[in-house]
Amino acid sequence: MKEQVPGGQGTTEPWDVVVVGGGNAGLCAAIAAKEAGAARVVVLEAAPPERAGGNTAFTAGLMRVAFETLEDVLALVPDLTTDDIGRTDFGTYSTADFLNDVARVTEYRCDPDLAEALVKESHPTLVWMRRHGVRFAPAYGRQAFEVDGRFTFWGGVVFEVVGGGPGLVEFLCREADRVGVEILYSSRAVSLLADDDGVHGVRARTPSGTVELEAGAVVLAAGGFQSNREWRTRYLGPGWDLAKVRGTRYNTGDGIRMALEIGASSAGHWSGCHAVGWDRNAPEFGDLRVGDGFQKHSYPFGVMVNAEGRRFLDEGADFRNFTYAKYGRVILQQPGQFAWQVFDAKVTHLLRDEYRIREVTKVGADTLEDLAAQLEGVNSDAFLATVRSYNDSVATQVPFNPNVLDGRGTQGIDPPKSNWANRLDTPPFTAYAVTCGITFTFGGLQIDTGAHVIDVDGQPIPGLFACGEMAAGIFFFNYPGGSGLTNGAVFGRIAGRNAAMHLDSAT
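What follows is the structure in structure tokens.
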């Protein structure tokens, strides 16, 4: 059945702006469109209310942002106490630092204009989000360790949203409701209403049937294709059908497909993705009760071994912010698509909260021999030989410091461990089984710095904008931790604002 749904405010008029996707990027776009003068704005959310929020709801809420002064910090967290400020080294993270990190980890493939827009708009966008009710806090415990009574932030990330990803969704939904944005749940967009003059709305499958929503502009914010097993295998390659999905089951590439069908240009790294170490026995898709707790990101302080009992990567190559999003791929390439992260008692106090959840695949023992016997699927003799060789190689004369790239590495083994190397010699020993968890895909639609979707002839498609995971061109091979939510918010705000401005230019 096809029916025409009414526009906003109970009228039969078309919507001003339709936003496809109700995560961070889509909600920021909707709020920005209202702020810029669009009277009737609706968000189509494929999930039911209890599963809404896209991938945002599954994140820890970290947001990478450029800042240089204490005043920049206080603009986001004005309730810091004098004691907080006195015991914390926030450092600085300039726009040049941010841009260099994006360029470095993407092997200089990132679109320089999009990357520059992300970086320069990061702090103003978070200030804007705070003005719209989002609350931030320093990410103590995740991004700063206490050494000699002082916290020092590392890796360029200082801020997290209060309440993590679920908190961000709650803040933005509350604000969307306050400003008059309507959200239609269980409503999956299936195609765009388009002609030679551009895009004029969306066809969607809703609880009441298939409907057409006419609109002056459309913003696509429906995520990547990570939850589409067939597309993962087609574009990422063999074996990716075996990866776990960290987040929502609803990001199946529909928004990308709809735009490509009307002539949009593809962009980005279609064979690349954000993928991490994820509990080996986690469900196929994310579980909102657990959120991001299945991730296991403290590997820099231990060793990781595969089924052959061998180390296969440099656990201390860099701050985990700059390695975790590419190491999931490396784990997927191991025999059986799994690995074990191994720690001793010297570092267990540094392990993140995700290691202490009830839903964890963990073993422990007072001797390495007993631990080896419990590492399911691992060659025990090879594991013990690996640990002996590793222990003998650690440069113990170099001081250990988790807040810096301490240079406490190994000598004479391959792969090396470049930083934070400690002998595994203090019981009890613990190990955690991990596999690959895919977060989002790097391939998608080409946009410009105004979030306009570009067609195959290099021209903007009138009335069509994109943001979030499906707007490609910034992330290749790897990813600076915390930049995904910032990217969604920055370009969501731009997309919403320009969608509202398009209404004026089209009249």
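In this note's numbering, the protein residues as written are 174 to 680. Glycine included, C-beta positions come from ideal geometry on N, C-alpha and C.
Checklist entry - In the DSSP assignment, what residue or residues form a beta bridge with I504? => result None, per the DSSP bridge assignment.
Item to check | Coarse secondary structure for F485, derived from DSSP in three states | outcome: coil
Item to check | Three or more C-beta pairs below 8 Å linking the region 190-202 and the region 340-347 | outcome: yes
Checklist entry - In its own chain, which residues sit with a C-beta less than 7 Å from the C-beta of V533, not counting the 5 before and 5 after it? => result So the list reads D452 and Y605, once near-sequence residues are dropped.
Checklist entry - Three-state secondary structure (DSSP) at F271? => result helix
Checklist entry - Counting pairs of Cβ atoms below 8 Å between the region 269-285 and the region 244-258, do you hit three or more? => result Verdict: no, contact absent.
Checklist entry - Is the number of C-beta pairs between the region 202-214 and the region 654-671 that are closer than 8 Å three or more? => result yes
Checklist entry - Quick one: any contact between the region 587-601 and the region 502-514, if contact means 3 or more CB pairs under 8 Å? => result no
Checklist entry - Taking the alpha-carbon positions, what's the Y528 to V246 distance? => result Each residue's Cα considered, the two are about 29 Å apart.
Next on the checklist: Spatial neighbours of V607 within its chain, please: C-beta separation below 7 Å, excluding the five flanking residues on both sides.
Outcome noted: G450, W451, D452, R453, K469, I504, F511, A512 and Q514
Next on the checklist: By alpha-carbon positions, which one of V216, K293 and G338 ends up nearest to T379?
Outcome noted: V216
Checklist entry - Would you report the Cα separation of D579 and I530, rounded to the nearest angstrom? => result 29 Å
Checklist entry - Among D414, V629 and E385, which residue has its Cα nearest to the Cα of F398? => result Comparing Cα-Cα distances from F398 to each of D414, V629 and E385, the minimum goes to D414.
Checklist entry - Which value, in whole angstroms, describes the spacing of the CA atoms of E186 and L366? => result 16 Å
Item to check | Segment limits, alpha helix (DSSP H) that includes K293 | outcome: P285 to R304
Next on the checklist: Using 8 Å for Cβ pairs, my map puts F649 next to G445. What's the rounded Cβ distance?
Outcome noted: The Cβ separation is near 6 Å, so the contact holds.
Checklist entry - Which two residues bound the contiguous beta strand (DSSP E) that contains F332? => result From DSSP, the beta strand (DSSP E) with F332 extends over F332 to V334.
Next on the checklist: By the three-class DSSP mapping on this structure, what secondary structure does H470 have?
Outcome noted: coil
Next on the checklist: Let me check one thing: in DSSP terms, what residues is A387 bridge-paired to?
Outcome noted: What sits at residue 387 in the sequence shown is Glu, not Ala. Bridge partners of E387: G374.
Checklist entry - Using DSSP with H/G/I as helix, E/B as strand and the rest coil, what is D526? => result helix
Next on the checklist: Helix, strand or coil, according to DSSP, for G646 in the structure here?
Outcome noted: Reduced to three states, the DSSP call for G646 is coil.
Checklist entry - So A624 packs on G441, CB below 8 Å; how close in whole Å? => result A624 to G441, Cβ: 15 Å. No contact.
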